[in-house]
Amino acid sequence: MLDIVSTRMLGQFGFLAKVFSIFEDLGISVDCVATSEVSISVSLDPSKIWSRELIQQELDHVVEELEKIAFVHLLQQRAIVSLIGNVRKSSLILEKAFHVLRRIGVNVQMISQGASKVTNQQRPLHQTTA
């Protein structure tokens with residue numbers, strides 16, 4: 000998971016395009032995205048990068064390229080948990096899911112949710128707790 004933070008993206012156009020063009024140029028597939036006014040969090044598609052031989056060098060390279068436009072924090076050894084369900088009941092499902100995660104000591108680090116009628120919530124978690 001990468002946390003990409005820059006106050007330069009606040010109110011600007013094209014910042015996300017710059018970030019994703021770096022992933023495209025390096026041939027790295029992004030799996031999950033969450034954004035705010037000044038940050039982007041992404042998980043990388045493990046089937047597109049983790050099977051390669053030079054994983055750490057590629058991760059270091061993408062961080063190096065992204066650091067030209069933002070502050071970057073690389074978080075490794077994460078797993079993604081997806082919740083898929085009826086959007087009308089998503090608040091109840093999320094309440095139950097977060098209750099269970101809190102009870103077992105899991106710290107949710109990112110939430111991504113689409114706006115479709117079917118909720119697909121993805122939460123990267125530390126891999127040892129997933």
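The opening residue of the sequence shown carries number 0 in numbering that gives the first Met the number 0; numbering runs sequentially from there. For every residue, glycine included, the Cβ atom is placed at its ideal position computed from N, Cα and C. As the structure is a computational prediction, the values presented were derived from the model and not from experiment.
Item to check | 7 Å CB neighbourhood of F33 in its chain, flanking five on each side removed | outcome: According to the sequence provided, residue 33 is Ala. The question's Phe does not apply to it. Excluding residues within five positions, the ones whose Cβ falls inside 7 Å are S40, M109, I110, S111.
Checklist entry - Alpha carbon to alpha carbon, how far is M8 from L82? => result 30 Å
Checklist entry - Where in the region 38-106 do unbroken runs of the alpha helix (DSSP H), each at least 4 residues long, occur, reported from the N-terminal end onward? => result 45-48, 54-65, 89-102
Checklist entry - In whole angstroms, what separates the C-alpha of R101 from that of V107? => result 9 Å
Checklist entry - Does the beta-carbon distance from V61 to L15 come in below 8 Å? => result no
Next on the checklist: Mapping the DSSP letters down to three states, classify S35 as helix, strand or coil.
Outcome noted: coil
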